[in-house]
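If you read the protein sequences in the order shown, they are chains A and B.
Position one of the first sequence corresponds to residue 1 (the numbering used here), numbered consecutively onward.
Position one of the second sequence corresponds to residue 222 (the numbering used here), numbered consecutively onward.
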Amino acid sequence: MGYALNFNLIWRHFDKLWGGLLLSLELAVISIAIGIVIGLVLAVWYVSAGRVVRGIIAAYVEFIRNVPLILLVYLVFYGVPTVVDLAYDAPTSFVLTLSVYSGAYLVEVFRSGLEAVPRGQLDAGKAIGLTPWQRLVHVRLPTMLRITLPALSNTFISLFKDTSIASVISVPELTYGAQWINFNTFRIVEVYLVTTAMYLVTGYTLLFGLRLVERRFRAAR
Amino acid sequence: MATSSNDTTALLDIAGVSKAFGSVEVLRAVSLKVDKGEVVTVIGPSGSGKTTLLRCVNFLESYDSGSIRIDGKEVGFREAGARQRRSERDLAAMRAETGMVFQSFNLFPHLTAAGNIMLGLTKVRGKSKAEARQIAEHWLGRVGLAHKAESLPAELSGGQQQRVGIARAVAMEPKILLLDEITSALDPELVGEVLAVVRSLAEDGMTMVMVTHEMAFARDASSRIVFMADGGVSAVGPPKEILAQETTNERLRSFLARFRASHF
């Protein structure tokens, strides 16, 4: 074999990885933020809607969950602009895709959380004269949030890792940076070792932060 | 204390209320009038419709026919024309006039004891935070929990939670207080502290309708007892009269016999 590890070339191009990581985080944060809005609105709509709306929302969720993300990314970046007169750059295209993708997963998380809020709490909200909107904001959502936090954390971490797929449409995030260094230095083992470590450390840091938030909320239960 | 309710100015006027869940009739033309300041306890075997009746009074449950009026105002349906459910906004406003205490407490788990009481005061009654806080502290004091204002429901015993539940309901200054088996989920040694609070509210003149299995309490603290069986009112009157009817009312006799067998 005789493959000698040499990280010098990696460090020389480390800005590609560091800049990539920051972009990965940015893509994840924006997409998750939009996904949360989509998920919350649709979940609240779902639990109070009739059959037709429920059917449409369920179809959206099922469609997204059964199609590989990479396919959606290609579809939105290459497919959509050829059919309709729309122009967007690769990062925007990816954020769009991941938002819709994360929205579908978050609808499910929020919906099950909303349905898990005990009936009695809603009765109590009614009994003191809260309007439906007030019951949602002051009773149902706070309890739902506590119930869903663990599942939410897992979904966030998973979505952060999904940003690596943006590399297939040349968005210069972390995985793309790794590929670039690999193609230009052929230090394949070193570059993917370092990249893996970077995903790992970032993922764990996120998880640790989210667990702190969970603990804070659980204490306030 | 009023014992007869034939006048037309009853605070709560339930007239011919019927309700069915599918093919099961849970309420059969139930009529009952409650005057201001009365404490009416509702007893009866499980499945007799007691809780459903109570939940119809603040329209947590709808009913199929009949009418329920509080202070002359129809609770769940619009006054004029065809039987039409009130808007959610109207219903919320109507419900704010009745207080309810639940068997399973149903405190808001994310809010402190004080926060539970303040929510309705600020959001429904439009009071300032400071004012709501003062009212909350007053009522927590009344139920003996002044020192627990900052405790979350999970940090309180069942009896304490239920006392917060009562404080949350009465702080809204309802016209009538509905109590739905409020001691049934409590350990026996915690029942007394909750009933003591209810007694003191009765002494203040609070109008109450209370579904309960606490026979001694019903006998000693209520102006009238309603005995329900099979979705209807089987007997109603002052405690002495009701207990005297045991010899003539077959259903009441078997209920009380079974009750005694299981409780003593």
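Here a beta-carbon is modelled for each residue, glycine too, at the ideal position from N, C-alpha and C.
Pick from B/E435, B/I338, B/K461, B/F329 that is closest to B/P409, judged by C-alpha positions
B/P409 has its Cα closest to that of B/E435, out of B/E435, B/I338, B/K461, B/F329.
To the nearest angstrom, how far is it from the Cα of B/L280 to the Cα of B/V245?
The question names Leu, but residue 280 of chain B is Phe in the sequence shown. Those two C-alpha atoms are separated by around 19 angstroms.
Indicate the three-state DSSP secondary structure (helix, strand or coil) for A/G209 in the structure shown.
Reduced to three states, the DSSP call for A/G209 is helix.
Would you kindly check if the distance between the Cβ of B/F448 and the Cβ of B/F480 is under 9 angstroms?
For B/F480 and B/F448, no; Cβs fall outside 9 angstroms.
Output, in chain order, the set of chain A residues within a Cβ distance shorter than 8 angstroms of B/P309.
Before going on, a small fix: residue 309 of chain B reads as Glu here, not Pro. Contact of B/E309 with chain A by beta-carbon distance below 8 angstroms involves T131, P132.
What whole-angstrom Cβ distance do B/V415 and B/T404 have, given they're in contact under 8 angstroms?
At roughly 5 angstroms, the Cβ-Cβ gap stays under 8 angstroms, so B/V415 and B/T404 are in contact.
Range covered by the beta strand (DSSP E) that runs through B/S286:
Segment 286-291, the beta strand (DSSP E) holding B/S286.
Can you tell me which of the three DSSP states B/F242 falls into?
Collapsing the DSSP output to three states places B/F242 in a strand.
So B/A390 and B/I356 are supposed to be a Cβ contact under 8 angstroms. How far apart are they, rounded?
B/A390 to B/I356, Cβ: 13 angstroms. No contact.
Please list, in chain order, the residues of the region 321-339 of chain B that have any C-beta partner in chain A closer than 7 angstroms.
Answer set for the region 321-339 of chain B: M321, F323, S325, N327, F329, P330, H331.
Mind listing, in chain order, the continuous alpha helix (DSSP H) runs of no fewer than 4 residues lying wholly within the region 386-426 of chain B?
If we require 4 residues or more, the alpha helix (DSSP H) runs fully inside the region 386-426 of chain B come out as 409-424.
Closer than 8 angstroms by C-beta to B/E371: which residues in its own chain qualify, once you throw out the five before and the five after it? Chain order, please.
Taking B/E371 as the centre and dropping the five residues before and after it, the same chain places the C-beta of T333, A334, A335 closer than 8 angstroms to its C-beta, in chain order.
Check each residue of the region 365-385 of chain B: if its Cβ is closer than 8 angstroms to any Cβ of chain A, include it; give the result in chain order.
Cβ contacts with chain A: L373, A375.
Near-chain A residues of the region 262-287 of chain B - C-beta to any C-beta below 9 angstroms:
Along the region 262-287 of chain B, going in chain order, the ones with a CB nearer than 9 angstroms to a CB of chain A are R276, N279, F280, L281.
How big is the Cα-Cα spacing for B/G347 and B/L340?
About 10 angstroms.
Throw me the rounded Cβ distance for the A/S93 and A/V76 pair, which I believe falls under 8 angstroms.
Cβ-Cβ separation between A/S93 and A/V76: approximately 5 angstroms, consistent with a contact (criterion under 8 angstroms).
Those residues which DSSP pairs with B/V261 across a bridge
Answer is B/V430, B/R445, bridged to B/V261.
Report the rounded CA-to-CA distance for B/A314 versus A/R135, giving the unit in angstroms.
Computed Cα separation, rounded: 13 angstroms.
Would you mind stating whether A/S99 and A/I34 have Cβ atoms separated by less than 9 angstroms?
Contact flag set, yes.
Helix, strand or coil for B/K294 per DSSP?
DSSP places B/K294 within a strand segment (E or B) once states are collapsed to three.
Roughly how many whole angstroms lie between the Cα atoms of B/V263 and B/A439?
Near 8 angstroms, if we compare the C-alpha coordinates of B/A439 and B/V263.
Taking Cβ to Cβ, would you say A/T185 is nearer than 9 angstroms to A/L106?
Taking 9 angstroms as the Cβ cut-off, A/T185 and A/L106 do not qualify as a contacting pair.
Is A/I128 helix, strand or coil when you go by DSSP?
Looking at A/I128 - three-state DSSP - the assignment turns out to be coil, as it is neither helix nor strand.
Assigned exposure category for A/T195 - 16 Cβ within 10 Å defines buried
Classification of A/T195: buried, given that the 10 Å Cβ count is 16 or more.
Could you check how far apart the C-beta atoms of A/V139 and A/Q121 are, in whole angstroms? I think they sit under 8 angstroms.
About 6 angstroms separates the beta carbons of A/V139 and A/Q121, which is inside the 8 angstroms limit, making them a contact pair.
Chain A residues whose Cβ lies nearer than 8 angstroms to that of B/A388:
Within 8 angstroms Cβ-Cβ: nothing; B/A388 doesn't reach chain A, min ~12 angstroms.
Unbroken alpha helix (DSSP H) runs of length 4 or more, entirely within the region 118-188 of chain A: which are they?
Those alpha helix (DSSP H) runs which fall completely within the region 118-188 of chain A and span 4+ residues are 119-127, 132-135, 141-162, 174-185.
Could you tell me whether any Cβ in chain B is nearer than 9 angstroms to the Cβ of A/V271?
Summary: the structure shown does not reach residue 271 of chain A, with chain A confined to residues 1 through 221, and so no result is reported for it.
Taking buried to mean at least 16 other C-beta atoms within 10 Å of its own C-beta, is B/S283 buried or exposed?
B/S283 comes out exposed.
Report the CB separation of A/F217 from A/L152 in whole angstroms; it is logged as a contact under 8 angstroms.
Not a contact, Cβ separation roughly 11 angstroms.
List, in order along the chain, the chain A residues whose C-beta lies closer than 7 angstroms to that of B/K344?
Residues of chain A passing the Cβ test: L130, Q134, H138.
Considering just the uninterrupted stretch of the alpha helix (DSSP H) at B/T341, what are its terminal residues?
For clarity, residue 341 of chain B is Gly in the given sequence; the question names Thr instead. Taken as a continuous stretch (DSSP letters only), the alpha helix (DSSP H) holding B/G341 covers 334-344.
Taking Cβ positions, are A/L25 and A/D162 nearer each other than 9 angstroms?
Contact flag unset, no.
9 angstroms Cβ cut-off: residues of chain B touching A/P142:
Here the neighbours are F329, P330, H331, L332.
Using DSSP with H/G/I as helix, E/B as strand and the rest coil, what is B/L274?
Three-state DSSP puts B/L274 in a helix.
Which class does A/T196 belong to by DSSP, given the choice of helix, strand or coil?
It is helical.
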